[in-house]
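Below you'll find the structure, written out as structure tokens, and then a few comments.
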Amino acid sequence: MKVYRAEDYTSMSRRAANILSAQVILKPDSVLGLATGSTPVGMYRQLINWYDKGDIDFSQTRTVNLDEYLGLAPDHEQSYRHFMQENLFDHINIRPENTHVPDGLAPDPEEECRRYNQIIAGLGGIDLQVLGMGHNGHIGFNEPEEAFELETHVVDLTQDTIRANARFFSSPDQVPRRAITMGIKSIMQARHILVVVSGADKADIVRRAFAGPVTPLVPASILQMHPHLSLVGDEAALSQL
Ligand code: F6R
-18 MKVYRAEDYT
-8 SMSRRAANIL
2 SAQVILKPDS
12 VLGLATGSTP
22 VGMYRQLINW
32 YDKGDIDFSQ
42 TRTVNLDEYL
52 GLAPDHEQSY
62 RHFMQENLFD
72 HINIRPENTH
82 VPDGLAPDPE
92 EECRRYNQII
102 AGLGGIDLQV
112 LGMGHNGHIG
122 FNEPEEAFEL
132 ETHVVDLTQD
142 TIRANARFFS
152 SPDQVPRRAI
162 TMGIKSIMQA
172 RHILVVVSGA
182 DKADIVRRAF
192 AGPVTPLVPA
202 SILQMHPHLS
212 LVGDEAALSQ
222 L
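Read in the working numbering, the sequence shown has 103 at position 122, and its numbers run on one by one without any break.
Right, dumping it as structure tokens:
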């Protein structure tokens, strides 16, 4: 594992964007595994900035996102597809058909998981997977005690996650109860994993995930076993490591 310590959120985002852009420059048709959430937003902003300056070209790049809520249309404001369009895809020259997010409206979610696994396999696997990390160590929607050996699958959201998400919806019963997520196995099969963390509130889980025992109780701890892992964080998030 290589740890990159950055002073603050802006330099953390820049360092993470450096790693991602190096991947795209060295291999223009790279398959990037992407994450939503607040942590990678600054990295996406930096990439858009370099794209605007003509420093990076996404015309051959392919992407697969980690997860999506079940029941939300792609244009729903809280869908992860919408998040990716707003925060990255609409601002760069990536081809829409080269971007993949699980279909939240799939009539048969289990079939959608199979289809998604085939997409990843058909692309030749993931070159670089970006991950944020939840306060309980979740990665994607793989919550504590999730089996390590799963590929893309359907998950029931925990009460904690439903409660935490309620603020983004007009009423609590509109919060999706289920999601599709890449599994830990799909994530671990990526050739390079880039974890981004920021803020003092992540310091404890960063220590447990990267300096504690590997256990399903902290899903991100399995990442210690990955042969090519980059952890990019600001001082606050890395303060206990
Ligand atoms: C996002 C995802 C989540 C987030 C995690 C951290 O696609 O799957 O696992 O990466 O919840 O979120 P933030 O970055 O908002 O702290």
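Even glycine gets a Cβ: it sits at the ideal position worked out from N, Cα and C.
If we count the other Cβ atoms within 10 Å of its Cβ and call it buried at 16 or more, is residue i buried or exposed?
i, result
"Gly85", "buried"
"Ile203", "buried"
"Glu127", "buried"
"Glu(-12)", "exposed"
"Gly103", "exposed"
"Pro88", "exposed"
"Met24", "buried"
"Leu7", "exposed"
"Ser19", "exposed"
"Ser99", "According to the sequence displayed, residue 99 carries Gln and not Ser. Looking at its Cβ environment, which holds fewer than 16 other Cβ atoms inside 10 Å, Gln99 is exposed."
"Leu198", "exposed"
"Asp71", "exposed"
So who's on the other strand from residue i, going by DSSP bridges?
i, result
"Thr80", "Thr44"
"His173", "Leu109"
"Asp137", "Arg159"
"Leu13", "Thr44 and Leu109"
"Ile120", "Asn123"
"Glu49", "Ile161"
"Val22", "Answer is none; Val22 lacks a bridge partner."
Specify, as a first and last residue, the run of the alpha helix (DSSP H) that residue i falls within.
i, result
"Leu104", "No alpha helix (DSSP H) holds Leu104; DSSP gives it neither H nor E."
"His63", "Tyr61 to Asn68"
"Arg188", "Ala184 to Ala192"
"Val195", "Looking at the DSSP string, Val195 is not in any alpha helix (DSSP H), and its letter there is neither H nor E."
"Arg159", "Taken as a continuous stretch (DSSP letters only), Arg159 belongs to no alpha helix (DSSP H), being part of the beta strand (DSSP E) at Arg159 to Thr162."
"Ile0", "Tyr(-10) to Leu7"
Starting from residue i, trace the beta strand (DSSP E) in both directions and tell me its first and last residue.
i, result
"Ser211", "Leu210 to Asp215"
"Arg(-14)", "Lys(-17) to Ala(-13)"
Just checking my contact of residue i with residue j at CB under 8 Å: how many whole Å lie between their CB atoms?
i, j, result
"Thr42", "Val5", "6 Å"
"Asp48", "Pro83", "7 Å"
"Gln205", "Met(-18)", "7 Å"
"Arg159", "Ile143", "The pair is not a contact, with the Cβ atoms about 10 Å apart (cut-off 8 Å)."
"Ser167", "Ile101", "6 Å"
"Gly164", "Glu132", "5 Å"
For chain D, is any of its Cβ atoms less than 8 Å away from the one on residue i?
i, result
"Ala201", "Reference to chain D is not applicable here, since this structure consists of a single protein chain."
Determine contact between the segment 101 to 115 and the segment 176 to 185, defined as no fewer than three beta-carbon pairs at a distance below 8 Å. yes
Counting pairs of beta carbons, one from the segment 21 to 40 and one from the segment 119 to 137, are three or more of them closer than 8 Å? no
Is there contact between the segment 53 to 62 and the segment 89 to 106, where contact requires at least three CB pairs shorter than 8 Å? no
Does the segment 142 to 161 come within contact of the segment -3 to 12, defined as at least 3 CB pairs closer than 8 Å? no
If we count Cβ pairs, one from each stretch, closer than 8 Å, do we get three or more for the segment 211 to 222 versus the segment 178 to 196? yes
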